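*Asks:*
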Amino acid sequence: MIKKIYYLLLSLMTTIVYSQKVLFEDNFDTNANGWALSNDGYNVTVDKGKMFIENTHLQNSKWSLYDVSFDAGTTDFDVEATIQLESSVADNAYYGIVLCGYSDNSDYRVFQLSANRYFQIYHYYNKEFHYLKEWEKNDIVKGKGNKNLLRIEKRAHLTKFFINGTMVFQTSENLYYGSKFGFILDKQTSISVDNLKITQVPFSIDVVESFNPNIKMTKMPESISSKEFEEANPVISPDGKTLFCARKDCSLNLDSTKDDVWFSSKDANGNWSEMKNLGRPINNNDYNFVISCSPDNNTLLIGNTYNSDGSVKGPGLSIASRSISGWNVPQEVVMEDYQNKNKFVAYFLTNDNKHLLISVERDGGYGFKDLYICELKPDNTWSKPKNLGNVINTFEEETNPFLASDGKTLYFSSKGHPGYGAFDLFVSKRLDDSWTNWSKPQNLGNVINSVDYELSIFLSAKGDKAYIGKSSDIYEVDNSVKIDPVVLIKGKVYDNKTKKTLSVPIVYNNLKNNTNSGKAISNPVDGSYSIVLPFGQKYSFMAEKEGYYAVTENIDITNLNEYKEIEVDLYLSPIEKGEVIRLNNIFFDSGKYDLLSESYAELDKLHAILLNNPSMKIEISGHTDAVGSDTDNMSLSNNRANAVMQYLLKKGVNGNRLSSKGYGETKFIATNDTEKGKQKNRRVEFLILDL
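Residue numbers (numbering that gives the first Met the number 0): 0 to 690.
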C-alpha cells in the first residue's frame with residue numbers, strides 16, 4: 000500500500016508547486032495548540048515558552064503528536080525543534096522527534112538522542128523496526144541539561160537529519176510521510192521543548208534546462224532487447240555502431256545461470272543486427288560484462304579478472320585488446336592504493352585511454368560510494384584514486400560514471416542529489432583540468448528518471464542519442480544535454496613503402512603545449528583506427544612503430560561548432576637510405592620562415608630519430624606552391640629548410656649530419672589548381688642520405 004501511494008504522489012510532483020510557508024509553529028507561550036496534558040503516566044505542561052514532558056511509566060516509551068494536516072508526500076518540508084533532557088533514570092534514556100504516517104500510528108519514523116550522547120534513526124512499519132541509523136555516539140550531541148536542536152529536511156526523495164546544525168545522516172528511503180509530528184521519550188524520562196516549527200518548502204528538483212518533457216524513451220528493436228531474456232548494462236561504442244550488453248539467464252550463455260556479453264552492430268542503413276554472444280575469452284563461467292569501449296573499437300574495459308586460460312580469477316577490472324584471431328585474454332588492471340568498503344563498484348575508461356573513473360567507498364570520502372579519477376602511469380598501472388569533490392559526491396552513493404567524448408560532460412547515477420527515485424541520472428560539466436571543479440549536477444528529468452532505479456547511461460561520440468538499461472530492457476532516447484562538439488577521425492594505418500596495413504599504437508598531441516592528449520591502437524586485421532578529438536585545440540596525430548618514421552597529420556578544430564567525422568589514413572615510412580619523409584607538422588606564418596611553437600613536437604620527434612641512429616645523415620628540403628614569383632619562392636623554401644636545420648643544430652646534432660636546400664616550385668607533388676593541392680605542395684621533407 001505504501002509503495003502504491005508513493006508512486007501516485009511522485010507522478011504529481013512535477014506539477015504541484017507550493018510557496019514556502021510556515022505550516023506550524025509553537026513557541027509554547029500557551030497551550031493554544033491543545034497538546035495532551037496527561038495520559039497513563041505521561042504528563043505535559045506548557046508554560047512560559049517551554050513544553051515540559053514527563054514519562055513516569057516504568058516500562059513503555061510515550062509520545063505526543065500534533066496533526067498539521069498537510070500532504071507530506073507531495074511537498075518538501077523542514078521540521079525543527081529544540082529539546083533539552085531534564086532527567087532520566089537510565090544512562091542511555093532516549094528522546095526525540097517522531098513523525099507519524101498513518102492515522103492508526105502503525106507507521107512512524109523517529110529521530111532521537113540519548114542521555115549518553117548517542118543518536119539513532121529508525122522507521123517502524125509492518126510491526127517491525129527498520130534501523131536507518133543504529134545508535135552511534137557523536138560529540139555534537141549535548142548531554143543532560145543542555146539544549147539540542149534537531150532538524151529534519153525532506154527534499155524530493157532525500158531526507159537529511161541535523162543535530163545542532165551538523166548533518167549526521169541522509170537517506171533516500173523516504174517512501175511516504177504523514178502529517179503528524181511530535182515528541183517521543185523513554186520511560187522515567189523528562190524533557191523540555193523550546194519550539195517546534197514545520198515549514199513547507201516548494202518541491203524542487205534541479206532539472207537540466209534543456210529538458211524536454213515530450214521526448215520518448217524508445218525500446219530497442221527485439222533483435223537487441225529481447226522478450227525472452229533480460230538485457231542490462233548497455234555500452235555503445237563511440238562511433239555509435241556497436242552496442243554491448245549483459246544478457247542474463249540465457250540458455251546460450253556459457254553458464255546459463257550467469258551473464259554473458261552480447262553485441263549488435265549497426266549497418267550503413269541504421270539497422271541493428273541480431274545480438275551475438277561475444278564468446279571466449281571475454282565470456283567464461285562467471286558474470287561477464289563490458290564497462291566501456293575505446294574509440295578505436297579495439298579495447299574493452301571488462302569487469303572481473305582472468306587467469307591466463309581465460310577462466311575466472313576473481314573480482315576486479317581488466318582490459319581486453321583485439322587480436323587477429325579475436326579478443327586476447329583480458330589483462331588485470333592494477334591501481335595504486337585501491338580499496339573499496341562497498342560490495343559494489345563501478346568504472347569507466349575515458350576516450351583518451353588515460354583516465355579511469357571509478358565508484359568506490361574508501362577512507363576520506365564524503366559518504367558511501369564516491370566518484371574518483373585515476374591516471375595511467377608510465378608503467379601502465381593506475382594512480383591512487385583522486386576524489387572528484389563534494390560538488391559531485393554526497394553523503395549517499397554516486398555510481399556508474401560516464402564521461403562524454405568532449406572530456407567534460409559527466410553523467411552519473413546518484414542517491415544523494417534530489418531526484419524522483421532511489422537512484423537518478425545526473426549530469427555535470429568539468430570546469431577546468433583539475434578533475435575537482437564541476438558545475439552543480441542537474442537531474443536529467445522525469446522521462447529518463449522515475450521512481451525506479453536509473454543506474455547508467457551511455458552516449459555515442461556524436462552525443463545525439465543516449466542508451467539506458469531499464470526494467471530488463473534497453474532503451475534509446477534523444478539526448479537533450481548539449482555536449483561540446485568533437486571530431487571522430489578514422490582511417491587505416493599503412494606501411495608507406497609496401498602499402499600493407501599495420502596494427503600499431505596511435506598517439507595524438509596538443510600542438511600548442513606539446514602534450515600527449517591520448518592514445519589508441521589500430522585493428523590487427525585491417526589496420527583501421529578511430530580517435531575522438533574534443534574541440535578547441537590544434538592536434539597532431541600519428542602511428543608509431545619501431546624502425547619507422549611516422550608521417551604526422553594535424554587538424555585545427557579550435558572553432559569547431561558541430562560533430563564531424565573525417566577519414567585520414569596514416570602512413571609509417573621505414574627508416575631506410577633513400578627514403579623521403581614529409582614533415583607535416585612544421586608551421587610558419589604566411590610568407591615567413593620563423594618556426595612557430597606548434598612545430599616543436601614534430602622537430603623533437605626528428606631529433607629523437609637522429610639520436611637513436613647516430614650515423615644517420617639527412618637532407619632537409621623546403622618546397623612551395625606556385626603562388627608568387629619563382630625567385631621569392633626559392634628563397635622562402637631555402638630559408639624554411641634552413642630554419643629546421645638550425646633548430647636541430649641547437650639541439651646538439653652534429654652539423655656534418657645535416658644539410659638543407661630549398662627547391663621552391665620545382666618539385667610539385669599535387670596540382671596547384673586547388674587549395675588542397677597547394678597545401679600539399681607547401682611542405683618540408685627530409686631525405687635519408689645515409690644510415
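All C-beta atoms, glycine included, are put in the ideal place defined by N, C-alpha and C.
These numbers were taken from a predicted model, which means no experiment stands behind them.
Note down the Cα distance separating G490 from F540, rounded to an integer number of angstroms.
*Replies:* 12 Å
*Asks:* Excluding five sequence neighbours on each side, which residues of the same chain lie with their C-beta closer than 8 Å to the C-beta of K675?
*Replies:* A669
*Asks:* First and last residue of the beta strand (DSSP E) that includes Y346?
*Replies:* 345-348
*Asks:* If you draw a straight line from the alpha carbon of E127 to that of V97, how long is it in whole angstroms?
*Replies:* 16 Å
*Asks:* Decide yes or no for the touch test of the region 490-505 against the region 210-228: beta carbon pairs closer than 8 Å, at least 3 of them.
*Replies:* no
*Asks:* Quick check on DSSP: helix, strand or coil for E135?
*Replies:* In the structure shown, E135 sits in a strand (DSSP, three-state: E or B).
*Asks:* Do I235 and L454 count as a contact pair if the criterion is CB distance below 8 Å?
*Replies:* no
*Asks:* State yes or no: is the C-beta of I120 within less than 8 Å of the C-beta of K132?
*Replies:* At the C-beta level, I120 and K132 come within 8 Å of one another.
*Asks:* When you compare the CB positions of K143 and L57, do they come within less than 8 Å of one another, or not?
*Replies:* no
*Asks:* Report buried or exposed for G363, applying the criterion of at least 16 other Cβ atoms within 10 angstroms of its Cβ.
*Replies:* exposed
*Asks:* Going by beta-carbon coordinates alone, are Y599 and A642 separated by less than 8 Å?
*Replies:* no
*Asks:* Suppose you measure from the CA of V88 to the CA of Y94; what does that come to, to the nearest Å?
*Replies:* 13 Å
*Asks:* Using only the alpha-carbon positions, how far apart do A245 and D258 sit?
*Replies:* 6 Å
*Asks:* Which runs of the beta strand (DSSP E) at least 3 residues long sit entirely within the region 166-225? Give them in chain order.
*Replies:* 179-184, 188-200
*Asks:* Taking 8 Å as the cut-off, decide whether the C-beta atoms of F182 and T74 are in contact.
*Replies:* no
*Asks:* What number of angstroms, rounded off, separates the C-alpha of N379 from the C-alpha of D432?
*Replies:* Going from the Cα of N379 to the Cα of D432 covers about 21 Å.
*Asks:* Per DSSP, D494 forms a beta bridge with which residues?
*Replies:* L571
*Asks:* For L7, I'd like the list of residues in its chain whose CB is within less than 7 Å of its CB, leaving aside the five on either flank, ordered along the chain.
*Replies:* Unreliable positioning characterises L7 in this predicted model, as indicated by a pLDDT of 30, which lies under 50. The coordinate reading is nonetheless provided below. Cβ-Cβ distances below 7 Å link L7 to nothing in the same chain once the five nearest sequence neighbours on each side are left out.
*Asks:* What does the alpha-carbon distance come out to for the pair Y466 and I473?
*Replies:* 7 Å
*Asks:* With a Cβ-Cβ cutoff of 8 Å, do S479 and F685 count as a contact?
*Replies:* No, Cβ-Cβ distance for S479 and F685 is not below 8 Å.
*Asks:* In three-state terms, what does DSSP make of N671?
*Replies:* coil
*Asks:* Below 8 Å CB to CB, which residues in the same chain sit around K312 once its five sequence neighbours on both sides are set aside?
*Replies:* Around K312: N303, T304, Y305, N306, E331.
*Asks:* Using the C-alpha atoms, what's the distance from V359 back to N653?
*Replies:* 54 Å
*Asks:* Let me know if D423 comes out buried or exposed under the rule of 16 or more other beta-carbons within 10 Å of its beta-carbon.
*Replies:* buried
*Asks:* For R656, which of helix, strand or coil comes out of DSSP?
*Replies:* helix
*Asks:* Check the Cβ-Cβ distances between I281 and every residue of chain B, and say whether any is below 8 Å.
*Replies:* Chain labels in this structure do not include chain B; a single protein chain is all it has.
*Asks:* Please classify A107 as buried or exposed, where buried requires at least 16 neighbouring CB atoms within 10 angstroms.
*Replies:* Here residue 107 is Tyr; the residue named in the question, Ala, does not match the sequence. Buried is the call here.
*Asks:* Check whether the Cβ of P201 sits closer than 7 Å to any heavy atom of the ligand SAH, and report yes or no.
*Replies:* Among the components modelled here there is no ligand, and therefore nothing to report on the ligand SAH.
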